[in-house]
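Since the structure comes first, as structure tokens, the remarks are kept for the end.
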Amino acid sequence: MKKIYLLLIISLLWVPMSAQKNVNSKIEKVTVFLSGAQIYRTASSSLKKGRSEVVFSGLSTHLLANTVQVKGKGNFTIMSVHHQINYLKKAKLDKRIKQMQDSVVLLTNEKNLQQQFYNALNQEQQMLLENKSIGGSNTGVDVANLKTMADFYRSRLKDIYTRMYDINMENAKRSKKIALLNQQIQQFRANYQTAVSEIVLDLDVKEATQAKFDFSYIVTNASWYPQYDIRAEDVHHPIQLHYRAMIRQNTGVAWKNVKLTVSTGNPNSNSVIPQMNPWYLNYYLNTPHRKMSRKEKSAQYEYEVSQDDEEPTESVAMEVTASPVYKSLSNASNSSNYTTVQAGQTTTLFNISIPYTIPSTNKTVNVKIQKVELPSDYRYYCIPKLSLDAFLQARITGWEELNLLAGDVNVFFNGTYVGKSYINPQNLSDTLDISLGKDQNIIVKRTKIKDKTGKIVLGSSKKMNVGWEISIRNNKSEKINITFKDQLPLSRIDEIEVKLNEKDGAKYDEEMGFLTWDLEIGPKKSVVKRFDYTVKYPKKYVLSNQW
């Protein structure tokens, strides 16, 4: 009877309070923020009646525990959710690492086998060299036998040396491959988790059921930044803007064939509404103002106190520029075929329907999120005083609806890469101006007009007359619109006067001293514009400017 009681007690001790079950989960969707990412996983499992503990393992150690959200479907109640790090369980090894490790083992075995052949050949070589004497000390050597033995030694040693050389060369190549593979393995292992995160659910199962789970969490070590391609076919077509997301992650877990959403939001930013406290005025008394100094061994101190009865300095208001609130897109048909755009009051989401794989290597993956055509006005610009090149510029409108972020721009014109630019929506006006490069078919010259350039002395004053001629030829087979500028010097001294004599149809900005011409030039046509001005100044002065 005592034995029966003892067995019963032992069996009761071995019955767990709740059954623990490891359940595999799959990443279905990832929302990538400017800093961080939200991972959405699904899982399913059959559960028995009673108290049960479900463990979702193999998660990133960069998981933020306070962001875990779990939803379940089935005849059970989620009693609690907690997060833990399992240091006894490693993340699943990347297939590429396993393949490279297998290659290292194979190459090492081949190298060792060839080394054994090398050792055998070396022993044979030593044996031949040690037994090279022919005949005895009292016995002569037959010439025919001598020739036969010499041929044998020569042939065999040659084969041995050739084979030993080949083995050395082959093993050197194997050693080089092994070193490169180990270097690559080390690089991949730098992103390999030595532990895993786990989410543990405490469940109260009413009756046996098939449970489905949806859970999400935010991880660090993931981000994206924008990059743009601006493509112009010619001056008769609208600009194409390609909006790309450069995504990278180093969370320790690869995102395989997942639905991606790119968000302009930042979950790490403070979302708490600030509190405003009462603002109390105070006062201070003016005190005599004198300057005092005191010298010490190690340093000299100098401070000032007020001496006069001046009024306190008036406070100055600071002007603060707020970040813009993004508008909703008015023309969804302009977006990419595989991307839908959701614009909220504070963030914009780009939903990409094509599944993507983002490995945990911290390498950038280029994801196209939007392609739009924008109306553009093309115009050439030139400042002959600084450069005789004419630059084609596209003035793009309608960009405000695209919820652009600051980023680099690759510019292409007529299928050719022309350079880089930068978009900063905070500094843009109604138009986005992009330079499309120089056009060698527009010839610009700037020459002095000799009969309008010279110096005259009038009493105590000098007059400097300066005249310039600007010629522009359009060698293209179509008309062009061009804006070009020049300038007059400005005076900050009353004794120095500047007078514009001729501007030849230019707009003159007196404050800046700029002359601007807006012209249309026909194909194979030329235009010549002139301007001249006079600078009057005291004879005693020597002007430093170059004319």
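Under this note's numbering, the letters of the sequence shown match residues 1296 to 1842, in that order.
Cβ coordinates follow ideal geometry from the N, Cα and C atoms, glycine included.
DSSP places L1838 outside both helix and strand once states are collapsed to three, so it counts as coil. Sequence-distant Cβ neighbours of S1755 in its own chain, meaning closer than 7 angstroms and more than five residues away, are P1833 and K1834. In the displayed model, Y1538 falls within a strand according to three-state DSSP. Counting only residues of its own chain and dropping the five nearest sequence neighbours on each side, I1462 has a CB closer than 7 angstroms to the CB of Q1409, F1412 and Y1413. The alpha-carbon of G1714 is positioned some 55 angstroms away from that of Y1575. Per DSSP, the continuous beta strand (DSSP E) segment holding F1809 begins and ends at F1809 to I1816.
Rounded to the nearest whole angstrom, the CA to CA distance from V1349 to G1710 is 57 angstroms. A Cβ-Cβ distance of about 5 angstroms is found for the pair N1381 and V1491, placing them in contact under the 8 angstroms criterion.
Of the candidates F1371, Q1333 and T1372, the residue whose Cα lies closest to the Cα of A1360 is Q1333. Contact annotation, R1469 with L1402: C-beta distance approximately 5 angstroms; criterion of less than 8 angstroms satisfied. Residue pairing by DSSP puts N1760 in a beta bridge opposite G1749 and T1829. Segment contact: the segment 1528-1542 against the segment 1691-1711, three or more CB-CB distances shorter than 8 angstroms; contact assigned. For secondary structure counted as the beta strand (DSSP E) over 3 or more consecutive residues, the segment 1643-1717 holds these complete runs in sequence order: 1643-1653, 1660-1669, 1671-1677, 1686-1691 and 1702-1708. Assignment of beta-bridge partners to S1772 by DSSP yields no partner.
DSSP lists R1768 as the bridge partner or partners of S1821. DSSP places P1521 within a strand segment (E or B) once states are collapsed to three.
Straight through space, the alpha carbons of Y1520 and S1730 are spaced by roughly 23 angstroms. Between the C-alpha atoms of N1561 and V1327 there is a straight-line separation of about 9 angstroms. Taking C-alpha positions only, K1740 is separated from Y1717 by approximately 30 angstroms. In the displayed model, N1404 falls within a helix according to three-state DSSP. Under the DSSP assignment, N1552 falls in the beta strand (DSSP E) whose first and last residues are W1550 to S1558. If you compare the alpha carbons of T1656, G1749, E1493 and A1467 with that of W1763, the shortest gap goes to G1749.
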